[in-house]
Structure formats: C-alpha cells, structure tokens
Amino acid sequence: MLVPLPIGAFVGALASDVAYAATGDRFWARASRLLLGAGVATGALAGAVGAVDFTGRDQIRDYREAWAHAGGNAAAIALGAVNLAMRPDDSGRGTVPMGLALSALTGAILLVTGWFGGELSYRHRVGVMPD
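Note that the numbering used here gives residue 950 to position 65 of the sequence shown, counting from 1, and the numbers run on in steps of one.
This is how it looks when you write it as structure tokens:
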C-alpha cells in the first residue's frame, strides 16, 4: 500500500504549483517543495518494492505493461527529483513556469503508469491472490 503516497504527493505538488501560479503566495511554493520531497522519497521506496517484484517473478517481466509501468514510474520519480532540485528555497523561484510544467508532466505520466498498473492487476492478475 505504498503506491498512494507518491501519487498523492505528486498530485498535491501539481495542485500547489497551480495555487502558487494563481496567487503568488509563497505558502504554496513551500508546500510544493515539501510535497515533491515526499513524492520522491516515497516513490523511491515504492519503486524499490516494485523492483523486487519485477526482478523476482518471471511472469511479470513477460508483460510489456510491466516494463512501461516500471519505466514510467522511474521517469516520474526522476522528474520529481529534478523539479525539486530546481527550487533552491521557498521563494517560489523555479515554480513558474518550469516547475509547474514538470509537475504537470509528472502527473500525466502517473495517469498512464497507473493505467498500466491496473492492467497488470485486473487483466493479467499479477499480484492477485487466486480465488
């Protein structure tokens, strides 16, 4: 149940970037930095657990959805780390427009990789206990 943590953090960072762009209130810039840090940290943890599944079970690697899910999530975490690194402090520098664009791209990637994860679980029954 680690997966919701980075998703929530990255989506929250996108929302706070939008709020900062709309208001200029540095509270939202600080919130974005914290949420990006949480997303990268929990994403790395979820990715490590996923990597154990991916490398430990031959069945998973047979599905191209698994490769897209793993690669896309790694890209989302890397984009989150770059996005965080571009924000040296809580002043809001790096938030608009580039930080907002990176947050939106990360969110879009998570939509796609979430769909692939659903395909693995619901269509291919990966990680599902037999009835």
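All C-beta atoms in this analysis are idealised placements derived from N, C-alpha and C, irrespective of residue type, glycine included.
Which class does residue i belong to by DSSP, given the choice of helix, strand or coil?
i	result
M983	helix
G893	helix
R978	coil
G909	coil
V934	helix
Can you tell me where the alpha helix (DSSP H) holding residue i begins and where it ends?
i	result
R946	943-946
E950	949-970
V1012	The question names Val, yet the displayed sequence has Gly at residue 1012. No alpha helix (DSSP H) holds G1012; DSSP gives it neither H nor E.
Considering Cα atoms alone, identify which of the options is closest to residue i.
i	options	result
E950	G1002, S988, L919, R978	G1002
S917	M886, A907, G984, R946	G984
V967	A953, L990, W952, R946	L990
I962	L921, D938, L1005, R972	L921
Is the number of C-beta pairs between the region 950-963 and the region 921-940 that are closer than 8 Å three or more?
The region 950-963 vs the region 921-940: in contact.
Would the region 1008-1015 count as touching the region 965-979 if we require 3 or more Cβ pairs under 8 Å?
No, because fewer than three Cβ pairs between the region 1008-1015 and the region 965-979 fall closer than 8 Å, the two stretches do not touch.
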